[in-house]
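Chains as they are written, first to last, in our numbering: chain A, 376 to 488; chain B, 69 to 537.
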Amino acid sequence: MLHLVTAVIKPHKLDDVKEALKGVGVQGMTVSEVKGFGRQGGHTETYRGAEYTIDFVPKVKIEIVCGTEDAEKVADAIATAAQTGKIGDGKIWMTAVDRLARIRTGEMGTDAV
Amino acid sequence: MKRKLLIGAGLVGAALLLLANPAAAQEAEEVAPASQIVLDNVFVFLCAILVFFMQAGFALVEAGLTRAKNVSNIFMKNLMDGMAGILAFALVGYGIGFGGSELLGGWFGFGFGISGIEDPAAAQVLNLSPATFFFFQAAFAAVAATIVSGAMAERTKFKSYFIYSLVITAVLYPTVLRWTWGGGWLAQLDIPFSDFAGSTIVHATGGWAALAGAIVLGPRLGKYGKDGKPRAIPGHNVPFVVLGALILFIGWFGFNPGSELAADNLVPQLAVKTLLAACAGAVVAMIVNWARDGKPDVTMAANGMLAGLVAITAPVGAVETWAALVIGGIGGAIVVLSVSFFDRMRVDDPVGAISVHGVVGTWGTLSIALFARYDDAFLGREDAGLFYGGGIDQLSTQALFVGVHFVFVFGAAFLLFQAIKATVGLRVTEEEELAGLDVEEHGHMGYAPDAGGSSSLGTSSSSTKPVSV
C-alpha cells in the first residue's frame, strides 16, 4: 500500500527538510516552486507612487511517494524540520496512491519506491 | 567626422607653425602649446567617462554573483555609491584630498570643495583645468566607494549602507588621497610612495573597508553549515558577471592611461601593460582554479581578469611590459587562493571584493618595489626596483604605505560600521534576509513576475489610491 505525502513549506527550509528525510530513509522526492497563502493574508507596497498588494508568497512543494507504514514517519520528519514557529510555515497532507511504477526497470508497487 | 577634420587640421596647423619657426619650437618645450593643453584635457575627460562607466560594470558583477531576490537592492547600492558618493566627494572630500590647505604635516587637508572649479586662474594640475581634474577624481572616488557594496551584499540595510557610503567618499578616501596624490606625508618622504593609478589608494581602500564591513556584518544566513564549513551560495546570473567584468576591463583603459594626466606617448604603453596584466590574471586564475577544483569556474576567471587589472594599477607607470604579465598573473593566482581563505576565516564576501581589491591591490603596490624600472613621476628615479639593483629602499616605503593605509582604512571603517550598528543598525532582520531585500527595502521586486515569461500569478494592483504628492 502506497501513500503520497505532500508538503508546502518555506523555501529556505528545504535543505533542513531534505536532510531530515534522508535521516528517515527517504531516497527520492519531487520539489516544485509554488506560490500560496494561508490565513496570513497579504500586504501593501508602493511602486512609483502607486500602491499594489502582494497576496501570494513564494513557497516550495515537496512530494514523496512511500509505503503506507512509512507515511506517518515521513510527515513527522517534514513537520519537525520545516517548523519555524512563525506565520507561513505551511501544511502537510497525505493521499492514497493507486499505482506506482519505476520507468527504467518496470518494477511496480512498493518495489518502485 | 567634421570635428575630426577640424582637430586634424588644428594639429597639422600647430605642427606647421612649430616647424616654420624653430625658435618657437624651442620655446614650445618650456611653454605647452595650446593644442597640447586642449589634448590633455580632452583625453583625461574621456578617460574619466570610461571610469564612470565602471559603475555599470561593478553593478553587473555584484548582481550576477548574488541572488535574484536581492537584485534591486544591489543595483540601488551601486547607483547611490556613485550618485551620493560623488556629491559627498564634491562638497567635502575633494577639498580634503586636494584643497589648498595641508594640515597635520600632510596627514589631513582642507579646501572648499569644488568652489574654484569655474575659475580659469585657479590652481591646476599639470595642464588640466580644475574642472577636468575634479571630473577625473570624482570618477575614482565613485569606484572606491562601490567596491564595498559587493562584500556587504544580501544582508545590509540600505540606509545604513548609504550612511557609510557618504562617510567613505567624504572623509576616509580623501584622507588617503591627501597622504598621497594630494601631496601629503607619503609624498614628502625621502623615498616617496608610488601608486600610479591607485591599487592601494582606490582599490585597497575599498577592499579593506569591505573587510571591515563583512566582519561587522557577519556571514549570510546559510553560508556556513552546522559543521562550520562554507557552503556555496551561487549567484543568479553568470552572464551579468562576465559582461560586468568586461565593462570594467574597458573602463580600466580610462583608469590607468588617464592617470598619466596627459595625452603623451606613454599612454599607449600604459594601455598595453594594463591589457596584458588583465589577460594574464584571467588565464592564471582559470588554471589555478581548474587545477584545484576540477572544473574552470567562469566567475573565478572573471575575478582573475579583474585581479590582473587591480594588480597592474599601481606599477603600470614603472615596470617593463613583460613584468605586467608576471604581476597580473600572480594577481590572478592570489585571488583564487584568497577567496577560499576568507571563506574559511568565516568572512563572507559574496563577490570576492576583499580579495580582488584589498589583497591583490596590496600585491600590486608592493610589486613596484621589485619590478620598478622607469620613473613613473612618483619614484623620482629609474631602476628603483629590487630586481634592477634599487635595493630595498622602495620596498620599505611601499610596505610602510600599505601598512599604515591598512591600519587606517580598516580601523576607521571598522569603527564606523560598529557605530552604525549601534545606532541605526547595520544588518537586516532574519525574516527580511530570507524573504529578500527587494520588496522589504525598496517596495518592489527587481525581476517583476511577468518578466522572463514566468506567470503573473499572484500579483494584483490596487490602483485606486495614488500616494498624494
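C-beta: ideal position from N, C-alpha, C; glycine also.
Remember, it's a predicted structure, so these values are computed and weren't measured experimentally.
| Check | Outcome |
| --- | --- |
| Short CB-CB distance (under 9 Å) between L147(B) and chain A | no |
| Closest residue to S262(B) among D506(B), G429(B), D417(B) and G179(B) (Cα-Cα distance) | G429(B) |
| Rounded distance between the beta-carbons of G349(B) and L316(B), thought under 8 Å | Not really, about 12 Å apart at Cβ, beyond 8 Å. |
| Cut-off 8 Å between Cβ atoms - residues of its own chain near G453(B), not counting five sequence neighbours on either side | A386, V387, I436, A437, L438, F439, A440, R441 and Q462 |
| Where R449(B) sits in the DSSP three-state scheme | coil |
| Among I453(A), P386(A), G460(A) and I478(A), the one whose alpha carbon lies nearest that of W468(A) | I453(A) |
| Proximal residues of chain A, C-beta to C-beta of L502(B) below 7 Å | H387 |
| G250(B): CB within 8 Å of a non-hydrogen atom of the ligand ZN | The ligand content of the structure shown is nil, which means the ligand ZN is not present either. |
| DSSP state of V449(A) mapped onto helix, strand, coil | helix |
| Spatial distance of A282(B) from V419(B) (CA atoms) | 11 Å |
| Enclosing alpha helix (DSSP H) for W247(B) [first to last residue] | Y241 to W247 |
| L289(B) at chain A interface by Cβ criterion, 9 Å | yes |
| Minimum Cβ-Cβ distance from D390(A) to chain B less than 9 Å | yes |
| Closer than 8 Å at the beta carbon, the chain A residues around V507(B) | E420 and I429 |
| Below-9 Å beta-carbon distance, E222(B) vs any chain E residue | Annotation note: the requested chain E is absent from the structure, which comprises protein chains A and B. |
| Length of the line joining the Cα atoms of L434(B) and K294(B) | 39 Å |
| Contact belief for H425(B) with G319(B) at Cβ below 8 Å, rounded distance in angstroms | 14 Å between Cβ atoms; not a contact. |
| Among V193(B), L194(B), N138(B) and L171(B), nearest to E222(B) - alpha-carbon criterion | N138(B) |
| Runs of alpha helix (DSSP H) wholly within the stretch 431-496 of chain B (minimum 4 residues, chain order) | 461-491 |
| Assigned secondary structure, W175(B) (DSSP; H/G/I helix, E/B strand, else coil) | coil |
| Classification of I478(A) by the beta-carbon crowding that lies within 10 angstroms, buried from 16 upward | exposed |
| Spatially closest choice to F264(B) from L338(B), Y241(B) and L314(B), by CA coordinates | L338(B) |
| Sufficient close CB pairs (3 or more, under 8 Å) joining the stretch 240-250 of chain B to the stretch 476-487 of chain B | yes |
| Stretch-stretch touch, CB-based, cutoff 8 Å, three pairs: the stretch 134-152 of chain B with the stretch 365-375 of chain B | no |
| Contact under 9 Å by Cβ, A219(B) with A379(B) | no |
| Where the alpha helix (DSSP H) containing L329(B) begins and where it ends | It is not in any alpha helix (DSSP H) - L329(B) carries neither H nor E in the DSSP assignment. |
| Short Cβ contact (9 Å threshold) for V112(B) with A330(B) | yes |
| Cα-Cα separation, K397(A) to G290(B) | 19 Å |
| Segment contact, 8 Å Cβ cut-off, at least three pairs: the stretch 347-362 of chain B with the stretch 292-310 of chain B | no |
| Where K297(B) sits in the DSSP three-state scheme | coil |
| P433(A), DSSP secondary structure in three states | strand |
| Sheet register partners of G442(A) (DSSP bridge) | L377(A) |
| K393(A) at chain B interface by Cβ criterion, 9 Å | no |
| Residues near K225(B) by beta carbon distance below 8 Å, same chain, minus five either side | V492, G493, L494, R495, V496 and E509 |
| Beta carbon proximity, E499(B) to chain A, threshold 9 Å | yes |
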